[in-house]
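Engineer: Here's a structure for you.
Residue numbers (the working numbering): 52 to 711.
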């Protein structure tokens with residue numbers, strides 16, 4: 052990021068002018084209903100300002116001192132501080148095995164090295180991902196679920212070697228809160244109230260969603276600008292994201308944090324602990340730090356990377372967003388919060404830094420003398436440990452460069468800058484790191500701020516490397532959709548049942564089945580019944596009109612096409628996409644649009660036949676085999692969309708679309 056030439060000193064007057072201009076921009080006004088900002092510098096609050104409405108319908112304006120917001124994952128910073136207070140008191144050790152503090156909870160960890168307290172704080176535990184479950188969001192404000200009970204119910208196994216992989220980890224922060232409870236012998240929210248909020252005078256902050264703060268809560272709005280109905284979560288107190296607060300309270304916190312923990316009447320945290328928190332502990336490369344105790348790295352500034360001199364914490368949840376960052380060497384901190392879903396920080400942070408601190412956006416100096424201009428072994432499929440359906444393909448582009456393909460991005464060329472360091476066309480860095488046992492990690496801010504991991508399917512004993520469906524079957528093994536064990540058999544010709552296809556379709560994206568009663572008589576108590584019920588609720592299966600679904604009958608290719616078509620049917624896939632597709636063979640009239648769409652997008656394997664007249668025989672009425680299902684699921688997982696929502700056929704599948 053280069054200076055625009057209007058760099059200004061950060062003063063109250065200049066900050067006010069910048070904020071007023073920023074929040075008046077048309078494209079920004081569309082992204083917020085209300086917002087509050089507080090900026091501190093050199094021991095003074097230089098700006099504390101509200102913008103827009105806490106409630107649009109009532110025309111209630113945001114007051115930075117009294118309007119309460121959900122700060123979402125910014126809560127994690129206060130949870131980390133609570134745990135660090137116990138470290139400071141000698142009651143917890145950073146290198147301690149967390150099992151020491153889990154009581155009778157047993158950690159499933161197959162690795163010889165334990166998960167440590169430090170790894171909880173830096174999100175490098177290796178935990179299997181745990182996110183909020185659908186049933187955890189509710190409106191039953193009277194029922195309480197204790198933190199300890201919830202942790203006991205959802206404690207994840209360790210699935211990656213501790214300390215090797217940075218993955219943003221909600222459960223790690225929840226477990227920090229649980230350990231605070233165990234060691235302090237008082238509820239987490241009470242400990243935070245007594246040791247952080249009260250000493251700082253944060254009288255409008257709490258982890259309890261009740262009372263006067265709930266009444267003062269700004270109404271949350273969705274991306275469409277419509278109000279989000281009020282909601283709460285289980286567990287009732289959420290260390291990882293349940294804090295309520297105001298911009299005014301955050302100003303008090305930031306002043307004390309930058310002042311060595313001094314509150315005016317004492318210290319809420321020691322200067323030593325604060326300095327310990329403001330050091331990055333995990334890096335894939337100095338250009339791209341990962342995490343500190345309670346903090347994460349700032350967004351990349353093009354050409355500059357992510358400065359290790361800046362410490363941030365972002366939060367986002369339905370209806371709200373928050374962002375805080377500290378620049379210790381400038382004795383400066385900024386907090387912004389808003390009550391509408393959106394990504395204001397993606398614009399706000401670089402605009403602020405460019406205007407007031409452009410030195411942090413100066414191009415990084417990289418020694419490129421030792422760059423090797425050949426494919427050095429980074430090609431392959433990379434999986435996201437947090438979202439399995441986010442799959443990235445890295446392939447050689449010649450001269451030491453690579454292509455990066457992902458379902459959510461246009462195809463990117465990564466140009467080699469130095470060994471393991473690459474730059475996309477926007478100046479964002481992508482860094483590869485070779486770890487133990489041949490593992491390769493990738494961090495690329497164009498996609499996510501945590502590591503992606505290269506994986507490779509080992510195959511099955513009945514699927515040879517040159518098998519016509521090996522690419523699809525091994526590709527799904529790579530993302531752990533199939534068990535990755537080469538001694539197992541796959542049975543490629545086995546027919547897939549209707550119930551099995553529904554289960555596999557949802558499981559591909561990690562979507563659990565419905566908890567509602569199953570409506571089809573022959574799917575009640577069926578092993579795939581909850582998925583069939585979910586499909587019925589979504590309108591993608593209809594049954595036979597007599598209360599039956601026939602889940603154990605082999606599914607035909609056109610029936611599978613109908614399920615996919617009903618699921619994806621939207622403006623993203625207009626009818627114009629497949630109007631010129633010509634079908635041959637027999638397809639039921641009801642299924643023709645679905646089969647045409649499958650043909651247009653490329654959701655098929657070698658079983659589909661292209662004829663001399665340009666038509667495609669989908670063999671619609673034939674039963675779907677296990678290998679054919681693998682081809683469809685693999686293509687669904689990896690189909691890449693262009694920015695306008697259309698499909699990029701040629702780069703994804705190596706051929707033109709039948710419709711082209």
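Each residue gets a CB set at the ideal place from its N, CA and C atoms; glycine is no exception.
Quantities reported herein were computed from a predicted structural model and do not represent experimental measurements.
1. What residue from 470, 460, 369 and 456 has the CA that sits closest to residue 417's CA?
2. Rounded to the nearest angstrom, what separates residue 491 and residue 528 at their Cα positions?
3. How many angstroms separate the CA atom of residue 692 from the CA atom of residue 455?
4. Which partner residues of residue 278 appear in the DSSP bridge assignment?
5. What three-state label does DSSP hand residue 111 in the structure shown?
6. With DSSP as the reference, please indicate the residues paired to residue 367 in a beta bridge.
7. For the beta strand (DSSP E) that contains residue 340, what are its first and last residues?
8. Between residue 539 and the rest of its own chain, which residues show a CB-CB distance below 6 Å, the 5 nearest in sequence each way excluded?
9. Return the bridge partner residues of residue 433 from the DSSP annotation.
10. I need the DSSP call for residue 674, collapsed to helix, strand or coil.
11. For residue 701, count neighbouring Cβ atoms within 10 angstroms of its own Cβ and tell me buried if that reaches 16, exposed if not.
12. Between the C-alpha atoms of residue 115 and residue 593, what's the straight-line distance to the nearest angstrom?
13. Extract the residue ranges of the alpha helix (DSSP H) inside the stretch 513-545, only unbroken runs of 4 or more that lie entirely within it.
14. Using 10 angstroms around the beta-carbon of residue 723, count the other beta-carbons present and answer buried if the total reaches 16, otherwise exposed.
15. Taking the beta carbon of residue 64 as the centre, do at least 16 other beta carbons fall within 10 Å, making it buried, or is it exposed?
16. Starting from residue 585, follow its DSSP beta bridges and name the residues at the other end.
17. Buried or exposed: which applies to residue 167, given that a residue is buried once 16 or more other Cβ atoms fall within 10 Å of its Cβ?
18. Cα separation between residue 584 and residue 601?
19. Out of 71, 631, 671 and 644, which one is the CA nearest neighbour of residue 664?
20. Give, in chain order, every unbroken run of the beta strand (DSSP E) that is at least 3 residues long and sits entirely within the stretch 460-507.
21. How many Å lie between residue 339 and residue 468 at the Cα?
22. Check whether the stretch 317-325 touches the stretch 233-252, taking contact to mean three or more Cβ pairs, one atom from each stretch, closer than 8 Å.
23. Could you pull the start and end residues of the beta strand (DSSP E) that residue 456 belongs to?
24. Within the same chain, show all residues whose beta-carbon is closer than 7 Å to that of residue 380, passing over the 5 residues directly before and after it, in chain order.
25. Expressed to the nearest angstrom, what Euclidean distance is found between the alpha-carbon atoms of residue 506 and residue 532?
26. Evaluate contact between the stretch 664-680 and the stretch 546-563, counting only Cβ atoms and requiring at least three cross-stretch pairs below 8 Å.
27. Could you give the distance in angstroms between the alpha-carbon of residue 477 and the alpha-carbon of residue 463?
28. For residue 643, which residues of its own chain have a beta-carbon under 8 Å away from its beta-carbon, when the five flanking residues on both sides are left out?
29. If you compare alpha carbons, which of 674, 658 and 523 is closest to residue 685?
30. Quick check on the DSSP output: the beta strand (DSSP E) that includes residue 333 runs from which residue to which?
31. When the distance is taken between beta carbons, is residue 364 closer than 7 Å to residue 125?
32. Can you confirm whether the stretch 290-297 touches the stretch 253-262 when touching is taken to mean that 3 or more C-beta pairs between the two stretches lie within less than 8 Å?
33. Look at the alpha carbon of residue 489 and the alpha carbon of residue 375, and state the distance between them as a whole number of angstroms.
34. Check this for me: beta carbons of residue 123 and residue 90, under 7 Å apart or not?
35. Just to confirm before moving on: does the CB-CB distance between residue 314 and residue 135 stay below 7 Å?
36. Quick one: what does DSSP say residue 601 is sitting in, helix, strand or coil?
Structural biologist: Concretely, from the data shown:
1. Minimum Cα distance to residue 417 is reached at 470.
2. C-alpha of residue 491 to C-alpha of residue 528: approximately 17 Å in a straight line.
3. The predicted model places residue 692 with a pLDDT of 42, which falls under 50 and marks its position as unreliable, so this point remains unresolved.
4. Residue 278 pairs with 272.
5. Here residue 111 sits in strand by DSSP.
6. 372.
7. It spans 339-342 - the beta strand (DSSP E) in which residue 340 sits, taken as one unbroken run.
8. Scanning its chain for C-beta atoms nearer than 6 Å, with the 5 sequence neighbours on each side dropped, one finds around residue 539 the residues 511, in chain order.
9. Its beta-bridge partners are 443 and 505.
10. It is a strand residue.
11. Here residue 701 scores only 33 on pLDDT, less than 50, and its place in the model should not be relied on; the value that follows carries that caveat. A residue is called buried when at least 16 other Cβ atoms come within 10 angstroms of its Cβ; residue 701 does not meet this threshold and is exposed.
12. Straight-line spacing of the CA atoms in residue 115 and residue 593 works out to 51 Å.
13. Correct list: 521-529.
14. The structure shown does not extend to residue 723, since the chain is modelled only from 52 through 711, so no value can be given for it.
15. By the C-beta density criterion, residue 64 is exposed, having fewer than 16 other C-beta atoms within 10 angstroms.
16. Per DSSP, residue 585 has no beta bridge partner at all.
17. Buried, since its Cβ has 16 or more Cβ neighbours within 10 Å.
18. Cα to Cα, the separation comes out at about 13 Å.
19. Minimum Cα distance to residue 664 is reached at 631.
20. Qualifying beta strand (DSSP E) stretches, in chain order: 463-469, 472-474, 480-485, 491-495 and 503-506.
21. The alpha-carbon atoms of residue 339 and residue 468 are separated by roughly 14 Å.
22. Short answer: they touch.
23. Boundaries of the beta strand (DSSP E) harbouring residue 456: 452-457, taken from the DSSP string.
24. Apart from the 5 residues on each side of it in sequence, residue 380 sits with its Cβ closer than 7 Å to the Cβ of 360 in its chain, given in chain order.
25. One C-alpha to the other measures close to 12 Å.
26. Touching, yes.
27. Taken atom to atom, the span from the alpha-carbon of residue 477 to that of residue 463 is near 10 Å.
28. Correct list, in chain order: 634.
29. For residue 685, the nearest C-alpha among the options comes from 523.
30. Start and end: 333-336.
31. Yes, the pair counts as a contact, with Cβ atoms nearer than the cut-off.
32. Short answer: they touch.
33. Looking at the two C-alpha atoms, the distance is approximately 37 Å.
34. The answer is no: Cβ separation not under 7 Å.
35. Result no, Cβ atoms of residue 314 and residue 135 do not sit closer than 7 Å.
36. In the three-state scheme derived from DSSP, where H, G and I count as helix and E and B as strand, residue 601 is classed as coil.
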